[in-house]
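Asks: One structure, as structure tokens, below. Some questions next.
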Amino acid sequence: MWLISQHYLTVQLRKVKGHSNDKANDQADALAKRGRYSLDPIIINHKFFHRSSLALFNYNHINVIDRNLRKWSNIPIQSRIFNMAMNNSSLSPINYQITYGDIDWVYTKQWINFNPFDMPTSSKLSSIQSNKLKKSTFTYPTGNILKRNYPNLYPLGRINCTECSIDEDTNAHIGLCPSHHQSITSLLTKFKKKLINLLRKERTSNISFDIESRINNSNMFKVFPDVLDAARLPDSPDQIRIPREQPWILLLHHLIPRDLAVFFDNYFSNAVERSRFLIQYVTDFISELTTITWSSRSRSFKKWEKSLDITLKKKKHYRKHTITASGQASSSAATLPSTVAHKRRSQYTRYYHNKVLPYFKQKVNFDVFACIRWMTCNFLHSGSW
Ligand SMILES: [Zn+2]
124 MWLISQHYLT
134 VQLRKVKGHS
144 NDKANDQADA
154 LAKRGRYSLD
164 PIIINHKFFH
174 RSSLALFNYN
184 HINVIDRNLR
194 KWSNIPIQSR
204 IFNMAMNNSS
214 LSPINYQITY
224 GDIDWVYTKQ
234 WINFNPFDMP
244 TSSKLSSIQS
254 NKLKKSTFTY
264 PTGNILKRNY
274 PNLYPLGRIN
284 CTECSIDEDT
294 NAHIGLCPSH
304 HQSITSLLTK
314 FKKKLINLLR
324 KERTSNISFD
334 IESRINNSNM
344 FKVFPDVLDA
354 ARLPDSPDQI
364 RIPREQPWIL
374 LLHHLIPRDL
384 AVFFDNYFSN
394 AVERSRFLIQ
404 YVTDFISELT
414 TITWSSRSRS
424 FKKWEKSLDI
434 TLKKKKHYRK
444 HTITASGQAS
454 SSAATLPSTV
464 AHKRRSQYTR
474 YYHNKVLPYF
484 KQKVNFDVFA
494 CIRWMTCNFL
504 HSGSW
């Protein structure tokens, strides 16, 4: 549309029936089929698109694919956003899950937008949603992030998990922490039974696969004992990737795993009912999961902070006096750590405002095959959705 208006083109639209021996349509068809086997990603230059097309939910400049692939691809800028999500260092723990499509973005969007209250807006709702977004973008203020934001307030060195003290206290550690595993295991068993009962009682589709054995076999409800070690990259053990075989961890980050969504897709024929049951089920599941993980972590972390006399008041004071509005550290506190933090921030800002396409930017991960799957138009001929 932008090209048409910029170049004053006269365009006539005519609908052509598929596979009706229309020459140009058959050519387009053949090209799409051929493209399916091509290994070259199609690069779309986002600069050709008007800024107004950038209307997506984001937090901290991090965006996600929030609809099904066909709708997603209606906006060509999405591939750039997907690329940014894939190469974003804060999302690196779920890089495999993003790349291999383990997250159901349609349900995730519904869950993040879900309002449990009667009123359309409220401060309580904003705080719930901000909490969900921070956790889903791995920017919830855990030790590593607090250390970055308040370098002079916390002790030197990395802040370890105050519950297990094995690894650094990060967003990704919450589902991997061994101190939660026992309670998580019994909670997963409880919600496994709950799902079996729900599907048996309420299912509306004709599919008659054995509900119980499918759910019992699903990784959705299993905790592997070596999950913490499985999350370390063999060549750099400090880098954490949440194992794909443990999809329940995604729920801790308010992301809806495909392994869970598939049961609702299979056993409910009506889309509205399907979402209603899923949201209901997920509400209870996430709330109980949060109590035994995030809340337990919070209690123990606050205790640790208290022992070092790090209070909310001190943090407020720090924000007010140490970093000024322009992001410059004030002269009284211009010591080394805050300069480093500021440097990191300006690097990030530079990246975000970079006018050049970031497709080949050497960041965390660049999976060419993932780009092919997500960015070419070939999916028109590659599967059912
Ligand atoms: Zn831990």
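Reading the sequence shown from the start, the letters are residues 124 to 508 in my numbering. Where is the CB? At the ideal position from N, CA and C, for every residue including glycine. A quick note: this is a predicted structure, and the numbers were derived from the prediction, not measured.
1. Do K317 and F344 count as a contact pair if the criterion is CB distance below 7 Å?
2. Which value, in whole angstroms, describes the spacing of the CA atoms of L383 and W234?
3. When the Cα of P264 is compared with those of Q369, D290, S421, which residue comes out closest?
4. Quick one, are the C-beta atoms of D292 and I282 less than 7 Å apart?
5. Report buried or exposed for T327, applying the criterion of at least 16 other Cβ atoms within 10 angstroms of its Cβ.
6. What does the alpha-carbon distance come out to for the pair L431 and P278?
7. Whole angstroms are fine: how far does the CA of Q252 sit from the CA of L276?
8. Look at Y101 and L322 and say whether their C-beta atoms are less than 7 Å apart.
9. Verify whether the separation of the beta carbon atoms of G266 and I372 is less than 7 Å.
10. Are three or more beta carbon pairs between the segment 366-381 and the segment 223-240 nearer than 8 Å?
11. Would you kindly report the start and end of the unbroken alpha helix (DSSP H) that includes W371?
12. Run the proximity test for E291: is its beta-carbon closer than 6 Å to any non-hydrogen atom belonging to ligand 1?
13. Beta carbon of S418, beta carbon of E286: below 7 Å?
14. In chain order, what residues of the same chain have a beta carbon less than 7 Å from the beta carbon of V350, not counting five sequence neighbours either side?
15. Nearest to S309 by CA position, among D361, T222, F408, is which residue?
16. Along the alpha helix (DSSP H) that carries Y390, what are the first and last residues, could you check?
17. Can the beta-carbon of I363 be found closer than 7 Å to that of A353?
18. Using the beta-carbon count (16 or more within 10 Å), is Y131 buried or exposed?
19. Is it buried or exposed, Q135, if we count other Cβ atoms within 10 angstroms and call 16 or more buried?
20. Going by the DSSP bridge assignment, what does N283 pair with across the sheet?
21. Here's a check: name, in chain order, each residue in its chain whose Cβ is nearer than 8 Å to the Cβ of K255, leaving out the five neighbours to either side.
22. For K270, which option in N339, E428, P239 has the closest C-alpha, if you only look at C-alpha atoms?
23. Based on DSSP bridge pairs, tell me the residues matched to S363.
Replies: Looking at the atomic coordinates:
1. Cβ distance not < 7 Å, so F344 and K317 don't count as in contact.
2. Computed Cα separation, rounded: 13 Å.
3. P264 has its Cα closest to that of S421, out of Q369, D290, S421.
4. A contact, by the Cβ cut-off of 7 Å.
5. Its Cβ having fewer than 16 others within 10 Å, T327 is exposed.
6. When rounded, the distance between both Cα atoms is 9 Å.
7. Cα to Cα, L276 sits roughly 28 Å from Q252.
8. With the chain represented from 124 up to 508, any question about residue 101 goes unanswered, as that position is not in the structure.
9. In this structure, G266 sits away from I372, with a CB-CB distance that is not shorter than 7 Å.
10. Taking one beta carbon from each stretch, the segment 366-381 and the segment 223-240 have 3 or more pairs nearer than 8 Å; the two touch.
11. Unbroken alpha helix (DSSP H) run through W371: 371-375.
12. Not one heavy atom of ligand 1 falls within 6 Å of the beta-carbon of E291.
13. E286 is positioned such that its CB atom lies no closer than 7 Å to that of S418.
14. The residues L299, P366, Q369, in chain order, have a CB closer than 7 Å to that of V350 in the same chain once the five nearest residues on each side in sequence are set aside.
15. The residue with the shortest Cα to Cα distance from S309 is F408.
16. Segment 381-390, the alpha helix (DSSP H) holding Y390.
17. No, the Cβ-Cβ distance between I363 and A353 is not below 7 Å.
18. Here Y131 is exposed: its Cβ has fewer than 16 other Cβ atoms, across all protein chains shown, within 10 Å.
19. Q135 is exposed by the Cβ-count criterion.
20. In the DSSP assignment, N283 forms a beta bridge with E291.
21. Counting only Cβ-Cβ distances below 8 Å, and skipping sequence neighbours, we find W234, I235, H377.
22. Distances from the alpha-carbon of K270 to those of N339, E428, P239 put E428 closest.
23. It is worth fixing the name first, because residue 363 is Ile in this sequence and not Ser. DSSP, once it has assigned bridges, lists R355 as partnering I363.
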